[in-house]
Amino acid sequence: MKLSLVALAAGAALTALAGPAAAQTAAQTKAPPYHAPRAVDGQPDLQGAWTNASLTPLERPAATGTRLVMTPDEVKRIEGTRAEVIAESSAPTKADFDLTKTPCYAANLTAGGATSDCGYNAFWVDHGDAVMRVNGEPRTSIIIYPVNGRMPPRLPRKASAGPAPVRGVYGHAGENPENQTLAERCITSFANHAGPVMLPSFYNSNYQIVQGRDSVAILVEMIHDVRIVRLNSTHSPMKVWYGDSIGHYEGDTLVVETTNYNPNQQMFGGSSDMVVTERFTRVGPKRLRYEFKVEDPSVWATPWGGEYEFSPSKGPVYEYACHEGNYALPDILAGARLEEAEAAKKTTTSADVKGHP
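Read left to right, the sequence shown gives residues 345 to 701 (this note's numbering).
So this is what it looks like as structure tokens:
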């Protein structure tokens, strides 16, 4: 009996010793937290050419509910479908191809399918070939709050606010250049490449970050936009394209606050007083986490936001010569003038006929 008690006591002692040792071993095998390399001024080095091309949508499909992470089957289906789109779009066009009977394959859509829009084939587009992953998790949406992964409902517009501003004017397209959208006039990128919020589109989702002592420049490949983030500064009262961005560093993170958007720029339908807070954190040698929060109490009852990870782009950011070889705009205007001349000629002829004795 005494021997048994001694054995039990010895076993307990060994177990007590083994516990801390096992915990220490587990701690040693766990990867240490990543710390970004430092730039010459000692700040975290976020520089480089990055891409946010992704098959993950901004808003989560309603049927997915509050589930943040995709299942393996969902990932396989989405990424597999995209591979089929690329293969179909890259195939040579058949000699007997008849657009009236067989619409083009939609290379400009993430999921593919037939479409009559043949303006872009697989050569031009780049959604990437994978869903967005954060910490290795394949995400169901870029937005993560509200918990349903969707923008909150919009508030009714107050009558005292006056008429909604006209953004990206449509209408009589040939009347003057200002009737074209901002993207068609090469003033701002379509979609929200430059942001903020910075989001991918179906091509040119590439960026280059350059850090300086007093500012950070974010070059966007789409329509050659450059956003300048002034460090440790205060907001300018001017309303400008892409808003007024100021930033500061918090440890390994660059925090950027943007407001004072040009009222003619479409930013999710927010007001010019919308405030977007972004956080850029290098979380791995080839991973740059991007987090954002959108606040506009006059438009949405609650803030909303999300996150994703940039990855290194396949090459440098190239010049986007937006109007080079662009015959469309002058042709639209010339065509409209011709229509006006023809209409005026008919009016004159009709008046002459009526006035003839």
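Backbone N, C-alpha and C define an ideal beta-carbon position, used for all residues, glycine too. If you're wondering where the values come from, they're calculated on a predicted model, not measured in any experiment.
Original post:
Quick one: what's residue 605 bridged to in DSSP?
Top reply: Residue 605 sits at position 261 when you count from the first residue of the sequence shown. Looking at the DSSP assignment, residue 605 forms a beta bridge with 584.
Original post:
Straight-line CA distance for residue 482 to residue 436?
Top reply: For the purposes of this step, residue 482 is taken as residue 138 along the sequence shown, with counting starting at 1. For the purposes of this step, residue 436 is taken as residue 92 along the sequence shown, with counting starting at 1. Going from the Cα of residue 482 to the Cα of residue 436 covers about 33 Å.
Subject >> Spatially closest choice to residue 497 from 647, 662, 485, by CA coordinates >> reply: Numbered from its first residue, the sequence shown carries residue 497 at position 153. Minimum Cα distance to residue 497 is reached at 647.
Original post:
If you compare alpha carbons, which of 476, 377, 393, 425 is closest to residue 650?
Top reply: As a first step, residue 650 must be located in the sequence shown, where it is residue number 306. If we check each option's Cα against that of residue 650, 476 comes out closest.
Original post:
Going by other Cβ atoms of all chains shown within 10 Å of its Cβ, with 16 needed for buried, is residue 468 buried or exposed?
Top reply: In the sequence shown, counting from the first residue as 1, residue 468 sits at position 124. Under this definition residue 468 is an exposed residue.
Subject >> Spatially closest choice to residue 414 from 485, 424, 428, by CA coordinates >> reply: Indexing the sequence shown from 1 puts residue 414 at position 70. Just measuring C-alpha positions, the residue of 485, 424, 428 sitting nearest residue 414 is 485.
Original post:
Which residues does DSSP pair with residue 637 in a beta bridge?
Top reply: As a working note, residue 637 is residue 293 in the sequence shown. Looking at the DSSP assignment, residue 637 forms a beta bridge with 621, 649.
Subject >> Beta-carbon proximity of residue 539 to residue 636, cut-off 9 Å >> reply: For the purposes of this step, residue 539 is taken as the residue at position 195 of the sequence shown. For the purposes of this step, residue 636 is taken as the residue at position 292 of the sequence shown. Yes, the pair counts as a contact, with Cβ atoms nearer than the cut-off.
**OP:** Could you round the C-beta distance between residue 533 and residue 573 to whole angstroms and report it? I think they count as a contact, below 8 Å.
**Re:** Stepping through the sequence shown from its first residue, residue 533 is reached at position 189. Stepping through the sequence shown from its first residue, residue 573 is reached at position 229. Their Cβ separation, rounded to whole angstroms, is 17 Å, which puts residue 533 and residue 573 out of contact at 8 Å.
Subject >> Beta-carbon contacts of residue 595 that lie in its chain and below 8 Å, excluding the five residues immediately before and after >> reply: Translated into positions along the sequence shown, residue 595 becomes position 251. Taken in chain order, the residues that qualify are 388.
**OP:** From the DSSP output, in three-state form, read off residue 692 for me.
**Re:** As a position in the sequence shown, residue 692 is number 348, starting the count at 1. Helix.
Original post:
Which residue comes first and which comes last in the beta strand (DSSP E) that contains residue 573?
Top reply: Translated into positions along the sequence shown, residue 573 becomes position 229. Where residue 573 is concerned, the enclosing beta strand (DSSP E) stretches over 569-575.
Subject >> Residues of its chain near residue 630, where Cβ-Cβ distance is below 8 Å and the 5 sequence neighbours each way are ignored >> reply: As a first step, residue 630 is located in the sequence shown; it is residue number 286 there, counting from the start. Closer than 8 Å at Cβ, skipping near neighbours: 655, 656.
**OP:** Note down the Cα distance separating residue 440 from residue 429, rounded to an integer number of angstroms.
**Re:** The residue given as residue 440 occupies position 96 in the sequence shown. The residue given as residue 429 occupies position 85 in the sequence shown. When rounded, the distance between both Cα atoms is 21 Å.
Original post:
What distance in whole Å lies between the Cβ atoms of residue 479 and residue 410, which are believed to be in contact at a cut-off of 8 Å?
Top reply: Within the sequence shown, residue 410 is the residue found at index 66, counting from 1. Within the sequence shown, residue 479 is the residue found at index 135, counting from 1. Rounded, the Cβ-Cβ distance is 18 Å, inconsistent with contact.
Subject >> Residue(s) in a DSSP beta bridge with residue 392 >> reply: Here residue 392 corresponds to residue number 48 of the sequence shown, with the count starting at 1. 553, per the DSSP bridge assignment.
**OP:** Quick one: using the 10 Å Cβ neighbour count with 16 as the cut-off for buried, is residue 402 buried or exposed?
**Re:** As a first step, residue 402 is located in the sequence shown; it is residue number 58 there, counting from the start. Buried, because 16 or more other Cβ atoms sit within 10 Å of the Cβ of residue 402.
Original post:
Between the stretch 551-558 and the stretch 581-594, do at least 3 Cβ pairs fall closer than 8 Å?
Top reply: no
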